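Below is one structure, written out as structure tokens; comments come after it.
There are 2 protein chains.
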Amino acid sequence: MADDELFKALGDPTRRLILDELVEKSGQTLFEICSRLSMKHRLGISRQGVSQHLAVLEAAGLVESRREGRYKFHDLNTAPLRRITERWPAPGGSEAKENTP
Amino acid sequence: MADDELFKALGDPTRRLILDELVEKSGQTLFEICSRLSMKHRLGISRQGVSQHLAVLEAAGLVESRREGRYKFHDLNTAPLRRITERWPAPGGSEAKENTP
DNA sequence: ACCATAGGCAAGTCCACGCTTGCCTATCAA
DNA sequence: TTGATAGGCAAGCGTGGACTTGCCTATGGT
């Protein structure tokens, strides 16, 4: 299953916080995310730790990155999350697939 | 976070298969789920293993159980899954909350 | 040229978690 | 009561993964 990487990525609380931060502000660099986790969430984690988390999130397709000079900007991509609600649809069944008509 | 249990529950591939089986047929017993995993998915797992998985799914609110005599039936509850798409809404924002109008 | 910044790679540690094994309880049928 | 079925509890093993530490590359400023 390709879903393995998606659910594994969501399995860690620190990675979920990173997604939260990317919702608030798109296109952050690694250092920017580091300092945000440290400031707002009192998260004592090394830069490498965050870097590894971002790699997992990228493998899951939840984060996309673009390089510019010596900076690397990270953007959130929520599209893979749809696979979750599609796999186990609500019993009502009306909102299984809602696309813009 | 109470979300910890939800995402932890979804993190294991065997547990996701159990949810799949409960979508197909609601109200299965432990032994029924065991044999289904073994037959359809060639899953070599002990009864205790499945039992522990069901406990995790129940803690996450994804599975509800009811006892009747010596049987314990398990039902799927997809409601907690909504918290995922609500936490990281799609950028379009039109489908953040879709309720039956 | 130099140094600081932004990031990557690799090895090593440590703990949570998936799974098994063994034994125990409860309900139903003969 | 005896036996079979459905399930629970607890201890133990082994592996994956989160995190750190140390060193390396590349870009930009002065």
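The listed protein sequences correspond, in order, to chains A and B. Residue numbers for the first sequence follow my numbering, beginning at 810 and rising by one. Residue numbers for the second sequence follow my numbering, beginning at 810 and rising by one. For glycine and all other residues, C-beta sits at the position ideal for the given N, C-alpha and C. Given the structure is predicted, the values throughout are model-derived calculations rather than measurements.
Under a 10 Å Cβ-count criterion, Gln837 (chain A) is classified as buried, with 16 or more other Cβ atoms of the shown protein chains found around its own Cβ. The C-beta distance from Leu852 (chain A) to Leu846 (chain A) rounds to 4 Å, short enough to fall under 8 Å. Ala888 (chain B) is positioned such that its CB atom lies closer than 9 Å to that of Gly870 (chain B). Of all residues in the region 833-865 of chain A, none places a beta-carbon less than 8 Å from a beta-carbon of chain B. Straight across, the Cα-Cα distance linking Glu895 (chain A) with Arg891 (chain B) is about 11 Å.
Unbroken alpha helix (DSSP H) stretches of 4 residues or longer found wholly inside the region 837-907 of chain B: 839-850, 856-868, 891-896, given in chain order. Per DSSP, reduced to three states, the secondary structure at Lys817 (chain A) is helical.
Within chain B, the C-beta atoms nearer than 7 Å to that of Thr894 (chain A) come from Leu890, Thr894, in chain order. Not flagged as an interface residue toward chain A: Phe882 (chain B), since no C-beta distance is shorter than 9 Å.
By the rule that beta-carbons nearer than 9 Å mark a contact, Gly820 (chain B) touches chain A.
Going by C-alpha positions, Pro822 (chain A) is about 25 Å away from Glu873 (chain B). Judged by beta-carbon spacing, Gly820 (chain B) lies beyond the 9 Å limit of Phe882 (chain A), meaning their Cβ atoms are not closer than that value.
The beta carbons of Ile893 (chain A) and Ile827 (chain B) sit no closer together than 9 Å. With 16 or more other CB atoms across the displayed protein chains lying within 10 angstroms of its CB, Ala818 (chain A) is buried. Only buried fits Arg824 (chain B), as 16 or more other CB atoms lie within 10 angstroms of its CB.
Closest by C-alpha distance to Arg856 (chain A), out of A:Val865, A:Ser844, A:Lys849, is A:Ser844.
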